[in-house]
Each structure stands twice: as structure tokens, then as C-alpha cells.
Amino acid sequence: MALRSNATTKLNLKDLGISIVLIVFVWQIIVWLTNVPPYILPGPMRVIEAFVYNAELILQHTLVTATEVLIGLVMGTVLGAATALCLMMSNTARRFVMPILVLSQTVPVFALAPMLTLWLGYGLGSKIAMTILIIYFPVTSTFFDGLRATPGGFLDLADSMRATRPRTLLQVRVPAALPSLASGIRLAAVYAPIGAVIGEWVGASQGLGYLMLLANGRVKIDLMFAALIALCGFTILLRAVIDVLCSRISHWSGLSA
Amino acid sequence: MDCRDNAGIGVRLFGSVTYDGRCLFEGLSLELVAGQWNCLLGRSGVGKSTLLRLLAGLSTGGVFTGEIVAEDGYPVNDRISYMAQSDLLFPWLNVKHNVMLGQRLRGDHAHAEHAVERAGELIQRVGLGEHIDKRPHQLSSGMRQRVALARTLMEDTPVVLLDEPFSALDARTRSDMQELAFEVLKGKTVLLVTHDPAEAVRLSHHLYLMSKQGVTAQSFDAAEPIRAVDDTAMLKAQADLLMTLRGAG
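Quick note, the sequences are listed as chains A and B, same order. Using this note's numbering, you'd call the opening residue of the first sequence number 17 and step up by one each time. Using this note's numbering, you'd call the opening residue of the second sequence number 655 and step up by one each time.
Pasting the structure below:
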């Protein structure tokens, strides 16, 4: 049974570096060629200056967003994985919860942000809830798919060894589905900051989303870009850490098995 | 199972299997002789694997009408171990834990020390003592099939079902594995399902041919198994068997 490598989905730092240099180069060329005013599109050097000048402010807001994202990511992953397990264990849950999950995807998560702010306030709660909502379905869906895709031979072997159903789930299906869960968590790591920032846009007094809105309102577009770069940097760092953690729980999946 | 030892027992299967009202086989009868190698050959799709899955208590997707009885009158299902064409090693477990999979899946923590000791002995016996902590991806296909054999032995059941376990191996490894399996499964009741007449003739005490008409015993004149690969009588029996297979429905 050869399980395909998921190496193509992993972050390659060298390639990332080259991509960033390329983006900055194209950005600078556009600024030079169009001669666009800095309050519309500041050049890379101006943004770097704003970043350095406002480093402390940006760091302070990054920490707020990071807290929201990390708490949301952990809670969303736990909830998503637990839901997938419940769906796997119970036919009734599959019959009644699965349609709700699919229907829930027709509701734009962004549209819920004002309601969450109304119900949970301007603090961390509404941003964490937004983050959970945005990552819950990808985690549930990928893990559930993985749990259902256990190789038939493994299940036959477990049956022939008289394994109980819960043990088959925990000792066979769950480990076999860890690579799928890892894919879901990798996706979640990229989506989670989006959820937190949307929450901050709707109503907050802290966080990178709030800082971006504030900078935009004061026509400090260089600061807005600097905050955006901080958000991208944090997301890339989060994704890299998640990659390392995920490869630990599913290291065997990229190998010939 | 305190009242039963783990020496091979005779098993008899009699019955029919239907899929959506269509009959796969009807009135089929197969008798596994206690403590011996029983080999089953037949064309693809004739129902060999279904028959083996019935004996193993695995789902077949069809409806079985009939009975499977052990000669001692006890149930058969919980006294069978199963080894498939694919080694089915769990890639997240090392060799030792793969061999002890049955204990892990049954939550059998009693005599854990004894189980670890026994797993170590079996791994040594199949020649993988130096690889006990390795993961499946670090082993060759032959080594992996040895681990699967050790896992089957670890179950220590009276009946062992082998579903083309050596078919994916190269000729030399297959020959080595046949000898090893024959040696380590001595005294067990073995049902080997195979497509290979050479393998069947080499290993079997009792040879059965399965066709749409049912299961028929095939006799041949050769020494006791395991037979030498260059045994003239065995080569003749193999050729005869191939001719019979080509003529069978």
C-alpha cells in the first residue's frame, strides 16, 4: 500500500523567500512605473520604514491577534475532531448532524461576525468564536473523510482479531486518519487568522485587524501595509509550526507503507 | 478458551452464498483436516476468498445459508487467525507492536510481560530480531511478510487462514517464506487459498479445487510436504494440476 507523499503541501522556506523577493520586486516596479501617490500605494521601503517606526505598536496588536488565533485554532480543532468522531460512531449523528453541517456552509461566515460581536462583545470572545467557526468545518470534514477511508484490509484484520468497535475506532481508524486530520489542521492554520481579523474589523479595540482599520481611517496606508505584513508573517510562522507538529503525528503517511 | 488447547482442529463448512438473489455457490462442502495444510485453488471470481472470509467471520456482502462447525463442537470464529496477500502492517507501529496487534486491539493487558516476551521470541523465530523496533517502511516486502507471519503466530489459534500470502513476493523470497510458514505453522489447521499450482502442490497435505460445480479433492502422488522444489513427482503433479485447472469451469 503506497501512501502518497503530501510534501507538496508543506512550506519550503527557500521557495517562500524567493516568492517574497519576487513580490517585493514587482511591487516596487509598479510603484515606479505608475508613480502612484503613497497614500494609495506606498513603496516597499516606505512600508518597511513604517514597520520599524511602529514596531512596538504592531507587536502589541500582533500579540492580541495571535492569542485569538491560537485559542480559536486549538478549540476549533478539538471541536472539529470530536464532531468527526461522533459522526463516525453514531448513525443517528450522521443522519441529523451531517445535513446541518453541510447547510451551515451556505451561510457566509463573514455575515455572522456582527452578530457574534453583538452576542459576545468587543473582547476576545467574538474573535475566538469567529476563528472557531471558520476552521470548524474543514477540520471536521477532512478528519471524518479520513476516518471513513480506513483501508478495508486493516478493518478485516481488526475484525479477525475480535477487536471491539470502540477499539477499532481508536486503534485503527483514528491513527489511519491522522494524515487527513493533519491536512485539515494545516488548512485551519491558514484560515484561522482570517477569522480573527474579520472579527476585529467588525468591532474591536485591539488586534491587527483593528490596527489596519485605524491606519486606513487616518490615511496611514504604509502602517496599514505594515500591519498586513505582520499578519502575513504571523500566518506563515503559524503554518510552519503546524507543519512541524503535523508531520510528527503523521510522519509515516508520506512513506511507503 | 481455557478448556481448549491451540492444536489444530478439523473444521467443516457446508452451505450456499447468494448476492442479491444470485447464487455464488450452492451446496458447497469443504472439510479442513486437523493439523494439516489444506490448499484451495480455483479461477478468479469462483468464490475462494468469499469462502475464506466466511470461515474468518468477516463480512462478504452476500447471504450465507449453511453452517461452519468445528469437530470439537466449540465455535470456530474466535479460534481463527487470518493472513492476507498484503502484509497489512500498521505503518504507525513498529515491528514489535505490529506483532502484538491482537493484544492491543482486544485490550488484553493480562500477562503483558509474557506477551512481550513471546512477541520477541516469534520475531526472532522469523529472523527479524535485529529489526524489532523498525517501522514497516524500513523493511523489505519479504521482511514485512515475515512480520505478518509472526503476528499470525502470535494469535496462536488452532486454525490459520492464508489468503494468497506469498503472491506478491519474488520467487526466491516466496520459496523461503513457504518453508518458514510451513515450519512455524506445524500442528495448526491451515487453509491456504492460492492461484499458484506449484505453491499448492509444494505445501498441501490436502488439495481442493473450487469451481462453479463445487469443491473437489485432488489427489496426487508425491512425498509428504513440504516438498522439494525439484522433486520430480511434485513437478509432475504440478503440471497435472495446471491441466485440471485449465479444464475446470
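Glycine included, each C-beta is placed from N, C-alpha and C at the ideal position. In this text the structure is predicted, and so the values were computed from the model without any measurement.
Residues of chain B with CB closer than 7 Å to the CB of Leu187 of chain A, please, in chain order.
On the first sequence, position 171 is the one that residue 187 of chain A refers to. Note that residue 187 of chain A is Gln in the sequence shown, not Leu. Under the 7 Å cutoff, chain B gives Arg758, Leu759.
I need the DSSP call for Trp691 of chain B, collapsed to helix, strand or coil.
Translated into the one-based positions of the second sequence, residue 691 of chain B becomes position 37. Looking at Trp691 of chain B - three-state DSSP - the assignment turns out to be strand.
Between A:Ala242, A:Ile258, A:Trp217, A:Ile36, which lies nearest to Thr133 of chain A when the distance is taken from Cα to Cα?
Within the first sequence, the letter at position 117 stands for residue 133 of chain A. Comparing Cα-Cα distances from Thr133 of chain A to each of A:Ala242, A:Ile258, A:Trp217, A:Ile36, the minimum goes to A:Trp217.
In whole angstroms, give me the CA-to-CA distance for Asp175 of chain A and Val118 of chain A.
Taking the first sequence and counting its residues from 1, one reaches residue 175 of chain A at position 159. Taking the first sequence and counting its residues from 1, one reaches residue 118 of chain A at position 102. Roughly 32 Å between the two C-alpha positions.
Can you have a look at Met146 of chain A and say buried or exposed, based on whether 16 or more other CB atoms are within 10 angstroms of its CB?
Residue mapping note: residue 146 of chain A aligns to position 130 of the first sequence, counting from 1. Under this definition Met146 of chain A is a buried residue.
Take Pro812 of chain B and list the residues in its own chain whose beta-carbon comes closer than 7 Å to its own, dropping the five residues that flank it on each side.
Translated into the one-based positions of the second sequence, residue 812 of chain B becomes position 158. So the qualifying residues of the chain are Asn660, Ala661, Gly662, Ile663, Arg733, Lys842, Thr843.
With 7 Å as the C-beta to C-beta threshold (strictly closer), list the residues of the stretch 160-178 of chain A near chain B in chain order.
Gly169, Phe170, Asp172, Leu173, Ala174, Asp175, Ser176, Met177, Arg178
Neighbouring residues, chain A, relative to Tyr736 of chain B (Cβ below 8 Å):
The count along the second sequence starts at 1 and reaches residue 736 of chain B at position 82. Ordered by position in chain A, the residues that pass the 8 Å Cβ test against Tyr736 of chain B are Asp172, Leu173, Ser176.
Distance, Leu678 of chain B Cα to Phe160 of chain A Cα:
By 1-based counting over the first sequence, the position of residue 160 of chain A is 144. By 1-based counting over the second sequence, the position of residue 678 of chain B is 24. Phe160 of chain A and Leu678 of chain B: Cα-Cα distance of roughly 35 Å.
Could you say which of B:Lys866, B:Ala871, B:Gln867 lies nearest to Ser858 of chain B if we only look at CA atoms?
Your numbering for residue 858 of chain B matches position 204 in the second sequence. Ranking B:Lys866, B:Ala871, B:Gln867 by Cα distance to Ser858 of chain B puts B:Ala871 first.
May I have the straight-line CA-CA distance separating Ile34 of chain A from Gln44 of chain A, to the nearest angstrom?
On the first sequence, position 18 is the one that residue 34 of chain A refers to. On the first sequence, position 28 is the one that residue 44 of chain A refers to. If I take the Cα positions, the gap works out to 15 Å.
Which runs of the beta strand (DSSP E), 3 residues or longer, sit entirely within the stretch 678-764 of chain B?
691-696, 717-724, 734-737
Top-ranked residue by Cα proximity to Glu767 of chain B, from B:Phe744, B:Lys750, B:His860, B:Leu686
Translated into the one-based positions of the second sequence, residue 767 of chain B becomes position 113. The shortest Cα separation from Glu767 of chain B among B:Phe744, B:Lys750, B:His860, B:Leu686 belongs to B:Lys750.
Between the CA atoms of Arg881 of chain B and Leu896 of chain B - distance to the nearest angstrom:
By 1-based counting over the second sequence, the position of residue 896 of chain B is 242. By 1-based counting over the second sequence, the position of residue 881 of chain B is 227. Rounded to the nearest angstrom, the two C-alpha atoms are 17 Å apart.
Would you please verify whether the beta carbon of Ser821 of chain B is less than 9 Å from any beta carbon of chain A?
To locate residue 821 of chain B, count along the second sequence from 1; it is residue 167. Closer than 9 Å: no.
What alpha helix (DSSP H) runs, 4 residues minimum, are completely inside the stretch 24-98 of chain A?
29-50, 60-69
Contact set for Val63 of chain A: own chain, Cβ-Cβ below 8 Å, skip 5 residues either direction
Numbered from its first residue, the first sequence carries residue 63 of chain A at position 47. Around Val63 of chain A: Asp238, Phe241, Ala242, Ile245.
Going by DSSP, name the residue or residues bridged to Tyr862 of chain B.
To locate residue 862 of chain B, count along the second sequence from 1; it is residue 208. BP columns for Tyr862 of chain B point to B:Leu694, B:Ala871.
Residues that DSSP places opposite Leu253 of chain A in a beta bridge
On the first sequence, position 237 is the one that residue 253 of chain A refers to. Note: Leu253 of chain A sits in no beta bridge, so no partner.
Where in the stretch 96-134 of chain A do unbroken runs of the alpha helix (DSSP H), each at least 4 residues long, occur, reported from the N-terminal end onward?
107-120
Give me the Cα-Cα distance between Ala822 of chain B and Ile87 of chain A, rounded to the nearest whole angstrom.
Counting from one through the second sequence, the residue named residue 822 of chain B turns up at place 168. Counting from one through the first sequence, the residue named residue 87 of chain A turns up at place 71. Cα to Cα, the separation comes out at about 49 Å.
I need the DSSP call for Met655 of chain B, collapsed to helix, strand or coil.
Taking the second sequence and counting its residues from 1, one reaches residue 655 of chain B at position 1. With a pLDDT of only 39 at Met655 of chain B, under 50, the local geometry of the prediction cannot be trusted, and no value is derived from it.
Just checking: is the beta-carbon of Ala192 of chain A within a distance shorter than 9 Å of some beta-carbon in chain B?
In the first sequence, residue 192 of chain A corresponds to position 176, counting from 1. For Ala192 of chain A, the answer is yes, since a Cβ of chain B falls inside 9 Å of its Cβ.
By how many angstroms is the C-alpha of Pro195 of chain A removed from the C-alpha of Asp259 of chain A?
For the purposes of this step, residue 259 of chain A is taken as residue 243 along the first sequence, with counting starting at 1. For the purposes of this step, residue 195 of chain A is taken as residue 179 along the first sequence, with counting starting at 1. Taking the straight line joining both Cα atoms gives about 12 Å.
Under 9 Å, CB to CB, which of the residues in the stretch 796-815 of chain B have a partner in chain A?
Arg805, Glu809, Leu815
Using a Cβ-Cβ cut-off of less than 9 Å, give me the residues of the stretch 680-709 of chain B that come near chain A, in sequence order.
Arg707
What separation, rounded to the nearest whole angstrom, lies between the Cα atoms of Thr122 of chain A and Asp850 of chain B?
Looking up residue 122 of chain A in the first sequence gives position 106. Looking up residue 850 of chain B in the second sequence gives position 196. If I take the Cα positions, the gap works out to 55 Å.
Please state whether DSSP places Leu823 of chain B in a helix, a strand or coil.
Stepping through the second sequence from its first residue, residue 823 of chain B is reached at position 169. DSSP places Leu823 of chain B in coil when its eight states are reduced to three.
Among the candidates A:Leu101, A:Ala100, A:Ile210, whose CA atom is the shortest distance from the CA of Ile144 of chain A?
Within the first sequence, residue 144 of chain A is the residue found at index 128, counting from 1. The option with the nearest alpha carbon to Ile144 of chain A is A:Ile210.
Touching or not, the stretch 705-714 of chain B and the stretch 734-745 of chain B, by the rule of three or more beta carbon pairs under 8 Å?
yes
With a cut-off of 8 Å on the beta carbons, I'd call Asp817 of chain B and Ala738 of chain B a contact; round off their distance for me.
The residue given as residue 817 of chain B occupies position 163 in the second sequence. The residue given as residue 738 of chain B occupies position 84 in the second sequence. The pair is a contact, with the Cβ atoms about 5 Å apart (cut-off 8 Å).
Indicate whether Leu684 of chain B and Arg697 of chain B have their beta-carbon atoms separated by less than 9 Å.
Within the second sequence, numbered from 1, the residue matching residue 684 of chain B stands at position 30. Within the second sequence, numbered from 1, the residue matching residue 697 of chain B stands at position 43. Their beta carbons are not under 9 Å apart, which means Leu684 of chain B does not touch Arg697 of chain B by this criterion.
For the 8 Å Cβ check, are there 3 or more pairs between the stretch 715-726 of chain B and the stretch 790-804 of chain B?
no
Specify the secondary structure class of Thr166 of chain A as computed by DSSP and reduced to three states.
Numbered from its first residue, the first sequence carries residue 166 of chain A at position 150. DSSP places Thr166 of chain A in coil when its eight states are reduced to three.
Is the distance from the Cβ of Gly92 of chain A to the Cβ of Val155 of chain A below 9 Å?
What you label residue 92 of chain A is simply residue 76 of the first sequence in a count that begins at 1. What you label residue 155 of chain A is simply residue 139 of the first sequence in a count that begins at 1. Closer than 9 Å, so yes.
Which value, in whole angstroms, describes the spacing of the CA atoms of Leu95 of chain A and Gly162 of chain A?
Position 79 of the first sequence, counting from 1, holds the residue named residue 95 of chain A. Position 146 of the first sequence, counting from 1, holds the residue named residue 162 of chain A. So the alpha carbons of these two residues sit roughly 16 Å apart.
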